[in-house]
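Quick note on numbering: the sequence shown equals residues 15 to 278 in the working numbering.
We put the beta carbon where it would ideally sit given N, CA and C, even for glycine.
A short write-up of the structure that comes next.
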Amino acid sequence: MDFFRNLIASPSPAPPLAPATIVAKAIHPYYPTEIEIVNYATNEMTVPQLLATFATGCTIILSLTWFLTSSLAPRLRVADKAIALWFCLCGFIHLFFEGYFAYNHTRMGGLQDIFGQLWKEYSLSDSRYLTSDPFVLCMETITAVFWGPLSFLMVYFIIVSHPLRYPLQAIVSLGQIYGDILYYATSMFDHYHKNLTYCRPEPYYFWCYYFLMNFFWIVIPAILLASSLRMTAKAFKALDRISHSVQGNGTVARPKANGHIKHA
């Protein structure tokens, strides 16, 4: 009877299911929108604050470099001082700012120090900096390791008028141009060939951040590379002229077997 009574009775309610764990991707403003940014946190500083901080830092670096070059080499031409300023700024940006990215690339999304927030702001024009993109990581690491220290060495070479100044200037400038062209090319290839866009749709981010801020490292190094080639050509031309002059003026008269004088 108990068996039939249990069959007739309404079934006991099933135990409540454990609530499903919902994993939501962090909402971020970067493109492509489906990319996953580890531990992403919105910047704490506003854009004007970030830009003002960056501009202030650059101004301090340039001012101190001008004072240093004027004190150590007061007869240095203004054009050479300007080149020293450029390489000193490059040294700080390459070694410290880009080196910061190379060291912290796996956790850029959550960083809130000044460099981290600056990189997150710039990444609105190129989100590869927040996803450990292989090309960007390798390119920035090479830039930090090689072009950063060599840029500081260039400042020293300019101040002391070192004979290797122009060869090194050509090497660093060519390296900067090469890296920048590859940076543009890889992004454009993904955009047109793979239909992948790393920049937000607003023109400001593309033209001001992505294009303009990197274009400086094509125009100025191109001018310096041309200057290095021109000065190197002048040096070899002067050396050839001196060599021919020495050969012409340093001849020794020796008698020939027939009695005539032969100039060696």
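Indicate the three-state DSSP secondary structure (helix, strand or coil) for residue i in the structure shown.
i	result
P235	helix
E48	coil
E112	helix
Y218	helix
R255	helix
A87	coil
D127	coil
K134	helix
T157	helix
A249	helix
M15	At M15 the pLDDT is 48, less than 50, meaning the model places this residue with poor confidence; the figure from the coordinates comes in the next sentence. Reduced to three states, the DSSP call for M15 is coil.
I74	helix
Y287	The structure shown does not extend to residue 287, since the chain is modelled only from 15 to 278, so the question has no answer here.
A240	helix
A38	Here A38 scores only 48 on pLDDT, less than 50, and its place in the model should not be relied on; the value that follows carries that caveat. A38: coil per DSSP, three-state reduction.
S139	coil
C152	helix
A96	helix
A55	coil
From residue i to residue j, what distance separates their C-alpha atoms?
i	j	result
D204	D140	12 Å
L122	L144	Position check: residue 122 holds Met in this sequence, whereas Leu was assumed. Cα to Cα, M122 sits roughly 6 Å from L144.
F43	R214	The displayed chain sequence assigns Pro, not Phe, to residue 43. Whole-angstrom Cα-Cα distance: 8 Å.
G124	L182	38 Å
S84	S175	14 Å
W100	F220	24 Å
W133	S146	13 Å
V260	K251	14 Å
K208	S201	10 Å
H119	L210	21 Å
E112	M59	20 Å
F115	V52	15 Å
N57	K95	37 Å
D254	R142	51 Å
L90	Y136	36 Å
F166	V159	12 Å
L78	A87	14 Å
I107	T157	10 Å
Rounded to whole angstroms, how far is the Cβ of residue i from the Cβ of residue j, which I believe are closer than 8 Å?
i	j	result
I172	A98	5 Å
L239	A184	6 Å
G162	G105	5 Å
Y212	Y45	6 Å
G193	M153	5 Å
Y223	L138	7 Å
P235	S187	4 Å
L76	L103	6 Å
Can you name the start and end residues of the alpha helix (DSSP H) that residue i belongs to?
i	result
S165	G162 to V174
T200	R179 to H207
E225	First, the amino acid is wrong: residue 225 is Phe here, not Glu. Run containing F225: none; DSSP gives neither H nor E here.
I107	Note, I107: premise wrong, no alpha helix (DSSP H); not H, not E.
Using a Cβ-Cβ distance cut-off of 8 Å, determine whether residue i contacts chain D.
i	result
L210	Judged by its chain identifiers, the structure shown contains no chain D, having just a single protein chain.
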